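Take a look at the structure below.
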Amino acid sequence: MRQIESIVNFLTEAVLDKKTPDFEISETERNDTDRLHERLLNLIRGKRINEAEDLLFERLDTGDRRYLELAVDFYARLNKLDGETLRDSDFSRSEIEDGLKDIASRFGIPLADLFQSMHGEEN
Numbered sequence: 255m256r257q258i259e260s261i262v263n264f265l266t267e268a269v270l271d272k273k274t275p276d277f278e279i280s281e282t283e284r285n286d287t288d289r290l291h292e293r294l295l296n297l298i299r300g301k302r303i304n305e306a307e308d309l310l311f312e313r314l315d316t317g318d319r320r321y322l323e324l325a326v327d328f329y330a331r332l333n334k335l336d337g338e339t340l341r342d343s344d345f346s347r348s349e350i351e352d353g354l355k356d357i358a359s360r361f362g363i364p365l366a367d368l369f370q371s372m373h374g375e376e377n
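Start counting the sequence shown at 255; every next residue gets the next number (the working numbering).
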């Protein structure tokens, strides 16, 4: 759970330059990422997390940074679910971590290198 939080925080703060991983819906006009966000939330509420993750990867556009924001929000929300809800949804924390790493990789973000540089700054 901590590793997932670390990845979420790193992507949120260092890559997206945001304070929270929350995906913000456009107030002026609804676009594809806004509609996908709503669909993902509905699937999570319905405990259809595998279907939601499949949909996320199916629609993912690595040329659009909003999809990275959406994905980070998605996995941050999943990580907040309790173990029982994840089990009932046939999903695990390791799948959350793997999904985050896969998203980062698809967007060309080498997490291992970034974590090394982050820890190097602390020394």
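Note that beta-carbon positions come from the ideal geometry of N, C-alpha and C, so glycine has one too. Computed from a predicted structure; not experimentally measured.
Evaluate residue i with the Cβ neighbour count: other Cβ atoms within 10 Å of its Cβ, from every protein chain shown; 16 or more gives buried, anything less gives exposed.
{"i": "I275", "result": "Looking at the sequence itself, residue 275 is Pro, so the reference to Ile does not match. With 16 or more other Cβ atoms within 10 Å, it is buried."}
{"i": "T287", "result": "buried"}
{"i": "F311", "result": "exposed"}
{"i": "N285", "result": "exposed"}
Can you check whether the CB of residue j is closer than 8 Å to the CB of residue i?
{"i": "V269", "j": "A330", "result": "no"}
{"i": "S343", "j": "I279", "result": "no"}
{"i": "S348", "j": "L340", "result": "no"}
{"i": "E305", "j": "L295", "result": "no"}
{"i": "F264", "j": "D327", "result": "no"}
Can you tell me whether residue i is helix, strand or coil according to DSSP?
{"i": "L339", "result": "It should be pointed out that residue 339 corresponds to Thr in this sequence rather than to Leu. T339: helix per DSSP, three-state reduction."}
{"i": "K273", "result": "coil"}
{"i": "D344", "result": "coil"}
{"i": "L309", "result": "helix"}
{"i": "T417", "result": "With the chain represented from 255 up to 377, any question about residue 417 goes unanswered, as that position is not in the structure."}
{"i": "L295", "result": "helix"}
{"i": "E267", "result": "helix"}
{"i": "I303", "result": "helix"}
{"i": "L314", "result": "coil"}
{"i": "N377", "result": "For N377, the predicted structure reports a pLDDT of 43, less than 50, and the residue's modelled location is therefore unreliable. The matter cannot be settled from this model."}
Where does the unbroken alpha helix (DSSP H) through residue i begin, and where does it stop?
{"i": "L350", "result": "Note on residue identity: the sequence assigns Ile, not Leu, to residue 350. First-last of the alpha helix (DSSP H) with I350: 347-360."}
{"i": "S260", "result": "256-264"}
{"i": "A325", "result": "319-334"}
Between residue i and the rest of its own chain, which residues show a CB-CB distance below 6 Å, the 5 nearest in sequence each way excluded?
{"i": "L322", "result": "F361"}
Short of 8 Å in beta carbon distance, which residues of its chain neighbour residue i, apart from the five on each side in sequence? Order them along the chain.
{"i": "D314", "result": "The sequence as given places Leu at residue 314; Asp does not occur at that position. Same-chain partners within the cutoff: Y321, A325, I357, R360."}
{"i": "K273", "result": "T266, E267"}
{"i": "K301", "result": "T339, D342, S343"}
Once you ignore the five residues that flank residue i on each side, which residues in its own chain have a CB closer than 7 Å to its CB?
{"i": "Q257", "result": "E351"}
{"i": "D271", "result": "none"}
{"i": "E307", "result": "G353"}
{"i": "L290", "result": "R313, L324"}
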